[in-house]
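Okay, so the sequence shown: first residue is 145 according to my numbering, each after it adds one. Quick reminder that beta carbons are idealized off the backbone N, C-alpha and C, glycines included. Structure first, then comments.
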Amino acid sequence: MVELRPRTAKGTVASRANDPTVRKSADDDIADGSTRADTAAQVTKLPTPLQFPIVTVLSLALSSLGYALLGAVTQGDLAAVARSTDDLQDVAILTGWRILVLGIGWFGKLDSYDLAALNILSHGPCLYLLVTFYGVSATSALSALVIDALATSIPFQLLRPVASAHTAPEDAPNQEIVADPAIQVYTASLSAVIYGATLLGALKTFLPRVLVIHFSTIKTLIPAYNATWVTVAPAAVLAGFTARVFVFTPFAATPKKAEDAKLSEFDPAAATLSETAAYNLWGYTAKAKVGILRTVVVAVVTYVDTYLQCTKVVDGVESEGARVYAMVWAAAALFSGLGLGLVGRT
Numbered sequence: 145m146v147e148l149r150p151r152t153a154k155g156t157v158a159s160r161a162n163d164p165t166v167r168k169s170a171d172d173d174i175a176d177g178s179t180r181a182d183t184a185a186q187v188t189k190l191p192t193p194l195q196f197p198i199v200t201v202l203s204l205a206l207s208s209l210g211y212a213l214l215g216a217v218t219q220g221d222l223a224a225v226a227r228s229t230d231d232l233q234d235v236a237i238l239t240g241w242r243i244l245v246l247g248i249g250w251f252g253k254l255d256s257y258d259l260a261a262l263n264i265l266s267h268g269p270c271l272y273l274l275v276t277f278y279g280v281s282a283t284s285a286l287s288a289l290v291i292d293a294l295a296t297s298i299p300f301q302l303l304r305p306v307a308s309a310h311t312a313p314e315d316a317p318n319q320e321i322v323a324d325p326a327i328q329v330y331t332a333s334l335s336a337v338i339y340g341a342t343l344l345g346a347l348k349t350f351l352p353r354v355l356v357i358h359f360s361t362i363k364t365l366i367p368a369y370n371a372t373w374v375t376v377a378p379a380a381v382l383a384g385f386t387a388r389v390f391v392f393t394p395f396a397a398t399p400k401k402a403e404d405a406k407l408s409e410f411d412p413a414a415a416t417l418s419e420t421a422a423y424n425l426w427g428y429t430a431k432a433k434v435g436i437l438r439t440v441v442v443a444v445v446t447y448v449d450t451y452l453q454c455t456k457v458v459d460g461v462e463s464e465g466a467r468v469y470a471m472v473w474a475a476a477a478l479f480s481g482l483g484l485g486l487v488g489r490t
């Protein structure tokens, strides 16, 4: 279970981050990059085996309630472009995927900020599609995005402490980077430019053809042909900001660890075959591992979520079209993670 430690006074967390025993405990943790409270059990008295089931039930309940209210308020704006929900297999697949994402977050020791950012990055592509090409109002789409983010982040907020890198960057390791406003703006802007360039490039080349062939109920293709930096900016800025929260902040806040020194001492001549293979495959610093793992997570979750939303929720979308559209956003996530990694590598 997550190894977290509450912040009792300013500077306490930063001092604990220098303790080798604390560092060791999170070496292979995608949530590393900030000191947390000792355990989730210290935040809640609930038995550990019950915590994730409660998170799951609460998240699904909040999502159902939120979408029911949204449908009533918007008079079925989103439902007008949705497939029939009579297929129990599709419902089971979507529910199972949602639980799997919650499991990635819970057992990967992510916090509420991480889950909110991950959901925005993974749910945003389908909602962008609906607003841009299906005539769904931006208000309805943004409301759905908020519901998705809150439905996953609130249960985590209740049962798991938030990383100091998110709530108190001045107390986090490498605070000179994490807490610097200029660096925050720069990294968010860089990520936004990468997302915008990837999306705009797809819209100007192959994506219109994919949309017209594989998205049979699409309302218009004019936004694709008229796409500019200005038209993709809202989606790109939102994606850039949330990518910074999910990838760069934990990556930059990861301190050096005792295991990092062993990398420079590695001798391939004296190492065994298995040791050499392990070094070649995963011989990175703890900081680099956090960045790599989080980039892979956001790219994979974005791809799968976008594909499932397009094929199981949006009416008239063929599997091939959903794969190509999802790949555009997954590629943007990978490029963004690479760019943020280059910025924060020192």
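Nearest neighbour of residue i, chosen from the options [CA to CA]
i: TYR469; options: GLY345, LYS400, PHE390, GLU419; result: GLY345
i: SER408; options: TYR423, ALA466, GLY249; result: TYR423
i: VAL376; options: LEU254, VAL275, ARG242, VAL199; result: VAL275
i: ASP221; options: TYR257, TYR339, LEU238, LEU286; result: LEU286
i: PRO394; options: LEU209, VAL225, HIS310; result: HIS310
i: ILE248; options: LEU190, GLY435, GLY483, VAL445; result: VAL445
i: LYS431; options: LEU302, GLY340, LYS401; result: LYS401
Local Cβ density within 10 Å of residue i, reported as buried at 16 or more and exposed below that
i: ALA158; result: Note that ALA158 has pLDDT 40, beneath the 50 cutoff, so the model's placement of it is unreliable and the number below is only indicative. Flag for ALA158 reads buried.
i: PRO193; result: exposed
i: GLY268; result: buried
i: ASP114; result: Any property of residue 114 remains undetermined from this structure, which presents the chain solely from 145 to 490.
i: LYS456; result: buried
i: VAL306; result: buried
i: TRP373; result: exposed
i: PHE350; result: exposed
i: SER266; result: buried
i: VAL322; result: buried
i: ALA396; result: buried
Whether residue i touches residue j by CB criterion (7 Å)
i: ALA371; j: LEU355; result: no
i: ALA477; j: VAL442; result: yes
i: ALA216; j: ASN263; result: no
i: ASP488; j: PHE385; result: According to the sequence displayed, residue 488 carries Gly and not Asp. Cβ atoms of GLY488 and PHE385: not closer than 7 Å.
i: LEU206; j: ALA332; result: no
i: GLY435; j: GLY485; result: yes
For residue j and residue i, the rounded distance between their alpha carbons
i: ASP255; j: GLN319; result: 19 Å
i: THR152; j: VAL381; result: In this predicted model, THR152 has a pLDDT of only 38, less than 50, meaning its place in the structure is not dependable; the value taken from the coordinates is given anyway. Their backbone Cα atoms lie some 35 Å apart in a straight line.
i: ALA261; j: PHE410; result: 37 Å
i: THR239; j: ALA379; result: 26 Å
i: THR200; j: LEU246; result: 7 Å
i: TRP473; j: TYR451; result: 10 Å
i: PRO298; j: ARG304; result: For the record, residue 298 in the displayed sequence is Ile; it is not Pro. In a straight line, the C-alpha of ILE298 is about 10 Å away from that of ARG304.
i: ARG180; j: ALA466; result: Confidence at ARG180 is low in this model, with a pLDDT of 48, below 50, so its placement is unreliable and the value that follows should be read with caution. Spanning the two alpha carbons is a distance of roughly 38 Å.
i: LEU204; j: ALA413; result: 53 Å
i: GLY460; j: ALA223; result: 13 Å
Alpha helix (DSSP H) segment containing residue i, residue limits
i: GLN453; result: 430-456
i: ALA341; result: 325-348
i: ILE298; result: 282-303
i: GLN195; result: 192-218
i: ARG353; result: 351-358
i: ASN318; result: Per DSSP, ASN318 belongs to no alpha helix (DSSP H) and is neither H nor E.
i: ASP258; result: 256-277
i: PRO491; result: Any question about residue 491 goes unanswered here, given that the chain covers just 145 to 490.
i: SER418; result: 417-426
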